[in-house]
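Student: Okay, handing you the structure first.
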Amino acid sequence: MRYISKKTQPEAKSPHELVEQALSPQMATTLEQLRLILKGCSDLVIKQFQFAQPAVHGAILYFDGLVDRKEIEENLLKPLLLELNMQNNAAANLKEPNILGFIQNNILTLAELKTLSTLQEICHHIGSGDTVLLIDGYEQGLAAGTRSWAGRAIQTPENEVTVYGPKEGFCETLRFNTALLRRRIKSSNFKMESMVLGRISKTDIVICYIDNIAPPGMVAEIKERLGKIDIDAVLDTGYLAELIDENKWSIFTQTEHTEKPDRVCGQLLEGKVCIMADGTPMALVLPVSFPEYMISPEDYYVRFIPASLFRILRFMAFVMALLLPSLYIAIITYHHEMIPTPLLLTIAATREGIPFPAFVEALLLDATFELLREAGLRLPRAVGPAVSIVGALIIGDAAVRAGLVSTPMVVVIAFTGIASFVTPSYNAGIIIRIARFGFLFAAGMLGFLGIIIALILMGLRMASLSSFGLPYLWPIAPLNVSYLGDILVRRPWFSNIKRPYMSGMKNVVRQVPKNEDGGQQL
3 MRYISKKTQP
13 EAKSPHELVE
23 QALSPQMATT
33 LEQLRLILKG
43 CSDLVIKQFQ
53 FAQPAVHGAI
63 LYFDGLVDRK
73 EIEENLLKPL
83 LLELNMQNNA
93 AANLKEPNIL
103 GFIQNNILTL
113 AELKTLSTLQ
123 EICHHIGSGD
133 TVLLIDGYEQ
143 GLAAGTRSWA
153 GRAIQTPENE
163 VTVYGPKEGF
173 CETLRFNTAL
183 LRRRIKSSNF
193 KMESMVLGRI
203 SKTDIVICYI
213 DNIAPPGMVA
223 EIKERLGKID
233 IDAVLDTGYL
243 AELIDENKWS
253 IFTQTEHTEK
263 PDRVCGQLLE
273 GKVCIMADGT
283 PMALVLPVSF
293 PEYMISPEDY
303 YVRFIPASLF
313 RILRFMAFVM
323 ALLLPSLYIA
333 IITYHHEMIP
343 TPLLLTIAAT
353 REGIPFPAFV
363 EALLLDATFE
373 LLREAGLRLP
383 RAVGPAVSIV
393 GALIIGDAAV
403 RAGLVSTPMV
413 VVIAFTGIAS
423 FVTPSYNAGI
433 IIRIARFGFL
443 FAAGMLGFLG
453 IIIALILMGL
463 RMASLSSFGL
473 PYLWPIAPLN
483 VSYLGDILVR
493 RPWFSNIKRP
503 YMSGMKNVVR
513 QVPKNEDGGQ
523 QL
């Protein structure tokens with residue numbers, strides 16, 4: 003018996019393999035490949051048409067909901083289908099080899115046009131809101147900038163409320179956010195470099211810095227760390243902060259989040275770098291030192307004397323939020339001699355019948371306060387503040403009446419909670435809330451000695467950290483007296499001659515001082 007071998011058919015390629023291919027000169031083949039790659043995408047729109055004489059076959063592709071359909075009709079389809087035949091030399095030019103180039107340079111009125119050569123580029127651009135034009139017989143396509151989608155308008159920031167200064171806040175649209183920065187810094191040295199991160203999400207990322215002010219080495223290191231990220235999706239700048247941090251297992255964050263454009267511009271003018279991602283209103287600013295968490299953007303919009311007093315008040319509130327419960331526990335547990343006798347008798351009377359030691363009492367109250375805070379954040383805005391305030395009053399009063407906690411402990415935890423809200427940075431607030439429990443345990447075990455040991459360990463840990471080359475406790479450690487004056491207090495603008503110096507910064511002078519006669523000092 004003779005066997006006849008059948009001709010083996012080439013195996014069909016999967017969509018993951020097709021997406022890496024170059025465009026085929028046959029438009030029908032390219033469209034078929036794109037339909038296979040984008041199978042199941044019900045929002046994909048493919049419109050095929052003919053234009054000019056002799057007939058030229060073309061097609062446009064876009065995702066419905068991401069484009070401005072009016073702009074497609076007015077600036078893409080109308081010039082091809084209607085206005086092309088009105089040009090006297092159109093027929094002659096369409097006989098030339100480069101029809102696509104003629105259409106790009108002479109027909110289409112869209113400002114943003116880009117040549118594409120792979121299926122991967124087409125998928126990325128239509129997923130970003132662009133419209134792709136394909137012409138039969140060409141191995142290239144055109145991506146037209148027609149991005150337009152429903153989004154939140156520019157509004158007042160919800161998390162960084164200020165009385166003075168600009169009220170604008172970032173939104174979820176990346177180009178709106180970059181425009182807010184460009185409107186404030188119009189210098190040609192202001193750079194915005196873009197990149198795409200996320201194998202699946204293909205998120206647009208923008209790195210903002212001012213050339214000649216931001217240290218080149220730091221900018222290069224940030225780009226290198228971002229380039230090493232290999233993850234399926236980046237949905238927020240919080241992903242990037244965790245991925246590029248030097249010390250990923252520390253509670254001390256080395257980056258700062260903000261939704262205020264004016265705050266970002268102020269940081270850029272001091273040599274910092276800003277990272278923004280499409281789809282999130284939170285910008286990432288780095289490097290950052292811990293003392294800078296106590297600085298509010300409003301400090302620079304009021305007179306320097308009240309701003310300095312408010313800043314000192316924030317540092318006092320920071321110490322109170324961090325140490326007040328642990329100091330109270332240490333005093334009433336181990337160091338009674340430090341309390342005046344009348345006050346000691348009052349505290350003893352209020353604690354009579356309390357079944358828990360002071361440490362357990364503080365731990366329960368502090369944990370309850372944190373639960374109420376989280377509940378107030380997660381509940382609907384109409385009822386959240388009411389539930390958190392009423393819940394705190396009712397629970398506190400009921401706990402005192404039931405003899406579970408003492409009245410002085412309720413007062414201490416209340417003052418601690420108020421002080422924790424004074425810190426303008428949410429990152430610093432998280433650090434305080436976590437570290438406070440560590441000081442509670444230290445005070446419960448060893449009193450003042452435990453608090454001192456915990457402070458030393460915390461200080462050593464913070465001193466060992468750095469944020470992209472900037473020491474985490476700068477300018478306190480290492481000590482820099484000249485710049486410490488703009489951290490503990492707000493330095494007046496007329497004496498702010500130089501920027502906070504970072505290694506590698508070239509342009510250090512912020513303003514040129516003048517003589518008493520009004521002339522500039524040379």
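If you want this note's numbering, it's the position in the sequence shown, counting the first as 1, plus 2. Note that the Cβ used here is the ideal one computed from N, Cα and C, for glycine as well.
1) Would you mind stating whether V424 and I314 have Cβ atoms separated by less than 8 Å?
2) If contacts are defined as beta-carbon pairs under 8 Å, then S422 and R403 qualify, I think. What distance do you get, rounded to the angstrom?
3) Determine the direct distance from the alpha carbon of L102 to that of E141, and round the result to whole angstroms.
4) Determine whether the beta carbon atoms of M29 and D138 lie at a separation below 8 Å.
5) Using a Cβ-Cβ distance under 8 Å, would V511 count as near chain D?
6) Do you know whose CA, among C276, L324 and A24, lies nearest I124's CA?
7) Below 8 Å on the Cβ atoms is my guess for I109 versus L82; work out the distance and round it to an integer in Å.
8) Does the structure place the segment 158-170 close enough to the segment 230-249 that three or more beta carbon pairs sit under 8 Å?
9) Name the DSSP bridge partner or partners of D206?
10) For a quick check, are the C-beta atoms of I453 and A332 less than 8 Å apart?
11) What is the rounded straight-line gap between the Cα of P263 and the Cα of F496?
12) Classify Q513 as helix, strand or coil using the three-state DSSP reduction.
13) Could you name each continuous alpha helix (DSSP H) segment of 4 residues or more that falls completely within the segment 212-269, going from the start of the chain to the end?
14) Could you check the C-alpha separation between I187 and H259 for me, to the nearest Å?
15) From what residue to what residue does the beta strand (DSSP E) around F496 run?
16) How big is the Cα-Cα spacing for K525 and E272?
17) A369: buried (16+ other C-beta within 10 angstroms of its C-beta) or exposed?
18) Comparing alpha-carbon positions, which option in A401, L324, L381 and M322 lies nearest G355?
19) Would you mind giving the Cβ-Cβ distance between T257 and E174, rounded to the nearest angstrom? I have them listed as a contact below 8 Å.
20) What first and last residue would you give for the alpha helix (DSSP H) that runs through I124?
21) Taking buried to mean at least 16 other C-beta atoms within 10 Å of its own C-beta, is G461 buried or exposed?
22) How is the beta strand (DSSP E) around G60 delimited, first residue to last?
23) For M340, which of helix, strand or coil comes out of DSSP?
24) Are F317 and L467 closer than 8 Å when you measure CB to CB?
25) Which ranges would you report for the beta strand (DSSP E) in the segment 311-387 if only whole runs of at least 3 residues count?
26) Whole angstroms are fine: how far does the CA of L346 sit from the CA of Y330?
27) Closer than 6 Å by C-beta to R201: which residues in its own chain qualify, once you throw out the five before and the five after it? Chain order, please.
28) Please look up how many angstroms separate the CB atoms of I209 and E226, rounded, as I've assumed it's under 8 Å.
29) Could you say which of T343, I415, G67 and Q35 lies nearest to T148 if we only look at CA atoms?
30) Which residues does DSSP pair with P473 in a beta bridge?
31) Starting from I137 and walking both ways along the beta strand (DSSP E), at which residues does that stretch end?
32) Report the CB separation of L486 from I499 in whole angstroms; it is logged as a contact under 8 Å.
33) Looking at the structure shown, is R149 part of a helix, part of a strand, or coil, going by DSSP?
Tutor: Quick answer:
1) Against the sequence shown, residue 424 aligns to sequence position 422. Against the sequence shown, residue 314 aligns to sequence position 312. The Cβ-Cβ distance between V424 and I314 does not fall below 8 Å.
2) Your numbering for residue 422 matches position 420 in the sequence shown. Your numbering for residue 403 matches position 401 in the sequence shown. Contact flag wrong, Cβ pair sits at about 26 Å.
3) As a position in the sequence shown, residue 141 is number 139, starting the count at 1. As a position in the sequence shown, residue 102 is number 100, starting the count at 1. Rounded to whole angstroms, E141 to L102 spans 10 Å at the Cα level.
4) Within the sequence shown, the letter at position 27 stands for residue 29. Within the sequence shown, the letter at position 136 stands for residue 138. Yes, these two residues count as a Cβ contact at 8 Å.
5) You won't find chain D in this structure, because it holds only one protein chain.
6) Within the sequence shown, numbered from 1, the residue matching residue 124 stands at position 122. Answer by Cα proximity: A24.
7) Position 107 of the sequence shown, counted from the first residue, corresponds to residue 109. Position 80 of the sequence shown, counted from the first residue, corresponds to residue 82. 7 Å between Cβ atoms; contact.
8) no
9) Residue mapping note: residue 206 aligns to position 204 of the sequence shown, counting from 1. In the DSSP output, where bridge partners are listed per residue, D206 has V198.
10) Locating residue 453 in the sequence shown gives position 451, where the first residue counts as 1. Locating residue 332 in the sequence shown gives position 330, where the first residue counts as 1. For the 8 Å CB-CB criterion, I453 and A332 form a contact.
11) Working through the sequence shown from its first residue, we reach residue 263 at position 261. Working through the sequence shown from its first residue, we reach residue 496 at position 494. Each residue's Cα considered, the two are about 24 Å apart.
12) Indexing the sequence shown from 1 puts residue 513 at position 511. The answer is coil: DSSP assigns Q513 none of H, G, I, E or B.
13) Unbroken alpha helix (DSSP H) stretches of 4 residues or longer found wholly inside the segment 212-269: 218-229 and 239-246, given in chain order.
14) In the sequence shown, the residue the question calls residue 187 occupies position 185. In the sequence shown, the residue the question calls residue 259 occupies position 257. Note on geometry: alpha-carbon atoms of I187 and H259 lie some 20 Å from one another.
15) Within the sequence shown, numbered from 1, the residue matching residue 496 stands at position 494. That residue, F496, is in no beta strand (DSSP E); it is neither H nor E in DSSP.
16) The structure shown does not extend to residue 525, since the chain is modelled only from 3 to 524, so the question has no answer here.
17) Within the sequence shown, numbered from 1, the residue matching residue 369 stands at position 367. By the Cβ-count criterion, A369 is exposed, with fewer than 16 other Cβ atoms from all chains shown falling within 10 Å of its own Cβ.
18) Numbered from its first residue, the sequence shown carries residue 355 at position 353. Looking at the Cα atoms, A401 is the closest of the given residues.
19) Position 255 of the sequence shown holds residue 257. Position 172 of the sequence shown holds residue 174. That pair is no contact at about 20 Å.
20) Working through the sequence shown from its first residue, we reach residue 124 at position 122. Where I124 is concerned, the enclosing alpha helix (DSSP H) stretches over L121 to G129.
21) Counting from one through the sequence shown, the residue named residue 461 turns up at place 459. Exposed.
22) In the sequence shown, counting from the first residue as 1, residue 60 sits at position 58. Taken as a continuous stretch (DSSP letters only), the beta strand (DSSP E) holding G60 covers V58 to F65.
23) Start at 1 with the first residue of the sequence shown, and residue 340 comes out as number 338. In the structure shown, M340 falls within a helical segment according to DSSP collapsed to helix, strand and coil.
24) Here the question's residue 317 lines up with position 315 in the sequence shown. Here the question's residue 467 lines up with position 465 in the sequence shown. Taking 8 Å as the Cβ cut-off, F317 and L467 do not qualify as a contacting pair.
25) none
26) For the purposes of this step, residue 330 is taken as the residue at position 328 of the sequence shown. For the purposes of this step, residue 346 is taken as the residue at position 344 of the sequence shown. Answer to the nearest angstrom: the Cα atoms are 12 Å apart.
27) The sequence position of residue 201 within the sequence shown is 199, counting from 1. Cβ within range, chain order: D234.
28) What you label residue 209 is simply residue 207 of the sequence shown in a count that begins at 1. What you label residue 226 is simply residue 224 of the sequence shown in a count that begins at 1. Rounded, the Cβ-Cβ distance is 12 Å, inconsistent with contact.
29) Locating residue 148 in the sequence shown gives position 146, where the first residue counts as 1. Selected option, being the one with the closest Cα: G67.
30) On the sequence shown, residue 473 is found 471 positions in, with the first residue counted as 1. In the DSSP output, where bridge partners are listed per residue, P473 has S468.
31) Position 135 of the sequence shown, counting from 1, holds the residue named residue 137. Taken as a continuous stretch (DSSP letters only), the beta strand (DSSP E) holding I137 covers T133 to I137.
32) Against the sequence shown, residue 486 aligns to sequence position 484. Against the sequence shown, residue 499 aligns to sequence position 497. Incorrect: roughly 16 Å between the Cβ atoms, too far for contact.
33) Taking the sequence shown and counting its residues from 1, one reaches residue 149 at position 147. Note: R149 maps to strand in three-state DSSP.
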